[in-house]
Every structure is written in structure tokens, then in C-alpha cells.
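Numbering (UniProt numbering), first residue to last: 1 to 155.
Glycine residues also receive a C-beta, built at the ideal position from the N, C-alpha and C atoms.
No experiment lies behind these values; they were computed from the predicted model shown.
Have a look at this one:
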């Protein structure tokens with residue numbers, strides 16, 4: 001006796017989309033795992049630290065801790081620990097926010113900018129290697145399809 005189909009109305013399109021979802025997850029995890037390993041072995045760093053430095057590099061004037069955690073979609077507690085380590089390493093400077101004694105603004109130091117530039121260059125090389133089986137047209141087509149999914153998923 002076969003198991004009952006929980007969605008009798010689900011056709012082959014639905015199954016194909018489910019397989020796509022699972023493949024997206026598997027691919028994302030594999031790429032992310034490679035990046036984590038490379039950051040760890042080459043820079044003794046982590047992907048969350050790279051993400052924080054990347055966000056700060058895109059916001060030269062710095063960010064309040066709450067802005068940074070909102071941008072990265074993580075808790076303030078997660079960001080605080082990462083920032084502490086980056087401050088200790090001399091990569092980030094913490095400054096008080098005028099008029100708000102409870103808030104701090106964080107920004108990359110010159111040393112942090114230089115270190116992030118080194119890591120970002122290697123990161124691009126790693127991603128290129130991990131996705132190297134795709135030519136530029138394929139990469140653009142997949143990007144456009146994923147953009148469409150994101151846009152249509154919001155409506």
C-alpha cells in the first residue's frame with residue numbers, strides 16, 4: 001500500500017519547484033561551506049565577521065549597532081560579539097553617537113579597510129571558482145530568474 005499523497009492537487013510543476021528549492025538549499029550550503037573554510041584557513045576569520053566588515057565597507061560613515069544588525073538580519077547580541085573581536089583586532093572603531101548616550105556607531109579603521117579589501121578580493125576569487133562552471137550569460141540568467149522569484153514573492 002502506498003502512502004497517501006498529502007497534496008492530491010500537486011502536479012509535476014509543484015514537484016519540480018520542490019526539487020528546485022531543495023537544490024537551491026544544497027547548492028547554497030555547499031558554496032557557503034567552501035567560503036567558510038577558505039576564510040578560516042586563509043584569514044583565521046569567519047563568514048559572519050566578513051559580512052560585518054562588508055556592511056561597514058559599504059557604509060563609510062559607519063553604522064549604529066542597531067542599523068548593522070538590521071542590515072544583516074541578525075540580533076544585536078550576535079553583532080556585539082563580532083564587533084568586540086573586530087575592535088580588539090584594530091579593524092573597527094566604536095564611537096559614541098552624539099545625543100544618544102546608549103548608542104554607538106561602528107566603522108572600519110584604515111587597518112580594517114585594508115584587511116577587508118584583501119579578504120574581499122579573495123572572496124571574489126573563491127566564488128568565481130565555486131561557480132566557475134557557469135559562463136557569464138548563465139550567471140546573468142539565473143540571477144534574473146532569482147530576482148523575478150524575489151519580486152513576485154513579495155506581492
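Distance from the CA of residue 78 to the CA of residue 69, rounded to the nearest whole angstrom, comes to 8 angstroms. Inclusion of residue 61 and residue 92 in the CB contact set at 8 angstroms is not warranted, their separation being larger than that value. Going by DSSP, residue 92 is part of the beta strand (DSSP E) stretching over 92-97. For the set 14, 152 and 54, the Cα lying nearest the Cα of residue 120 is the one of 54. Approximately 25 angstroms separates the beta-carbon atoms of residue 83 and residue 127; this is outside 8 angstroms, ruling out the contact. Rounded to the nearest whole angstrom, the CA to CA distance from residue 104 to residue 50 is 20 angstroms.
It is roughly 30 angstroms from the alpha-carbon of residue 107 to the alpha-carbon of residue 130.
Here the C-alpha atom of residue 117 lies approximately 22 angstroms from the C-alpha atom of residue 81.
Excluding residues up to 5 positions away in sequence, 127, 130 and 131 lie with their Cβ nearer than 8 angstroms to the Cβ of residue 31 in the same chain. By DSSP's assignment, residue 64 forms a beta bridge with 105. The alpha carbon of residue 37 has as its nearest neighbour, out of 152, 143, 133 and 122, the alpha carbon of 122. Boundaries of the alpha helix (DSSP H) around residue 31: 12-43. Under the DSSP assignment, residue 89 falls outside any alpha helix (DSSP H); it carries neither an H nor an E label.
A direct Cα-to-Cα measurement between residue 74 and residue 66 gives close to 10 angstroms.
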